[in-house]
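For reference, the structure is listed below as structure tokens.
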Ligand SMILES: NC(=O)c1ccc[n+]([C@@H]2O[C@H](COP(=O)([O-])OP(=O)(O)OC[C@H]3O[C@@H](n4cnc5c(N)ncnc54)[C@H](O)[C@@H]3O)[C@@H](O)[C@H]2O)c1
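Numbering (the numbering used here), first residue to last: 18 to 330.
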């Protein structure tokens, strides 16, 4: 199949593009730049430079590529940025997604796979429980609102126009090549430990606690779900892509120090406004449809190893 991966030179998208190539598909990547930090459009995929907000450019790209399947990963993927600039978030994450959806409908794309968020749309998940896809949603940031809105647009389009849709609700994705200059705790901590700098644990409630709870999912598990979805073998519209293991920020810091065999001091900061306190996601359907997720300690070890080999320290 010919698959167009939007955002396929970014972190998750480039891993997905590689996975789709390895599965034997023809892959075209659409994005704003061919190279992004340690990520790039993979060899073997054609690159088209463009923005999902550019209607004419997207129309031309679809007319030329004629994709069978679209994997939509392009986004401003940053909760804090979305709080600071909700208009930019909506422009790219809502309008850009609608531009892609409309192009899919006009050009007879049979399936659209969408990178959504399990980490943000359920809001605070009550203690002792994990969010399932039919759990109540409570988006607490413009980013989460955008992703949820697009989910509804896609499901409506699927009912109305028959396009097959798979919505993958990723937990907090981590792995090799993730940027250590943004908000991704695991990538940032790896670089800090390797440089011998202290790690800051931002509070869940009170300064000095172990920090917020997240479901950290190894990027390879996102790739596995995407490969199954792209070939039409995922029999659910919405799937949580997660490990099912709720971990605190301090758990992650300690796990990475163990993996790297180095200790650095922990420092503590107050709670960040708008932070979801507890994100815990149910993995049952992922295990049933994709298989066992990568255990957290193994994923941390593989990620730490990559950072030790590739990031200056
Ligand atoms: N990383 C995570 O923890 C996580 C969790 C849940 C969902 N997601 C989703 O997965 C996708 C990939 O996230 P990521 O972590 O790889 O982030 P990323 O920033 O590395 O990737 C996003 C990509 O989209 C591209 N992009 C941004 N604006 C664009 C535009 N106007 N037109 C075309 N391309 C544009 C970026 O250049 C980049 O390549 C996003 O949709 C994100 O919302 C990520």
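Just so it is clear, CB atoms sit at the ideal spot from N, CA and C, and this is done for glycine as well.
Check, Outcome
"Given 8 Å, three or more beta-carbon pairs between the region 207-218 and the region 289-303", "no"
"Euclidean distance between Cα positions of residue 250 and residue 69", "27 Å"
"Which residues DSSP lists as bridging residue 255, in chain order", "184"
"For residue 29 and residue 66, the rounded distance between their alpha carbons", "18 Å"
"Residue 141 versus residue 80: straight-line alpha-carbon distance, rounded", "42 Å"
"The region 145-152 / the region 116-124 touching (three or more Cβ pairs under 8 Å)", "no"
"Contact test: residue 264 Cβ vs ligand 2 heavy atom, cutoff 7 Å", "For the structure depicted, ligand 2 is absent and the ligand set comprises only ligand 1."
"Residue nearest to residue 319 in terms of C-alpha spacing, selected from 235, 282, 267, 246", "235"
"Distance between residue 73 and residue 195 (C-alpha atoms, nearest Å)", "31 Å"
"Cβ neighbours of residue 63 in the same chain (closer than 6 Å, five flanking residues each side left out)", "45"
"Residue 96 Cβ short of 7 Å to ligand 1 heavy atom set", "no"
"Residue 90 CB to nearest heavy atom of ligand 1 below 7 Å", "yes"
"Identified DSSP bridge partners for residue 236", "Paired residue(s): none; residue 236 is not in a bridge."
"Inter-residue CB distance, residue 261 and residue 232 (contact presumed, cutoff 8 Å)", "7 Å"
"Residue 126 versus 169, 82, 133, 139, residue with shortest Cα-Cα distance", "82"
"Residue-level contact to chain D via CB, residue 64, 8 Å cutoff", "Of the protein chains in the structure, only one exists, and it is not chain D."
"Straight-line gap, residue 321 to residue 276 (C-alpha atoms, nearest Å)", "6 Å"
"Ranges of the alpha helix (DSSP H) found wholly within the region 161-214, counting only runs of at least 4", "202-212"
"Reference residue 161; option with closest CA among 139, 27, 205", "139"
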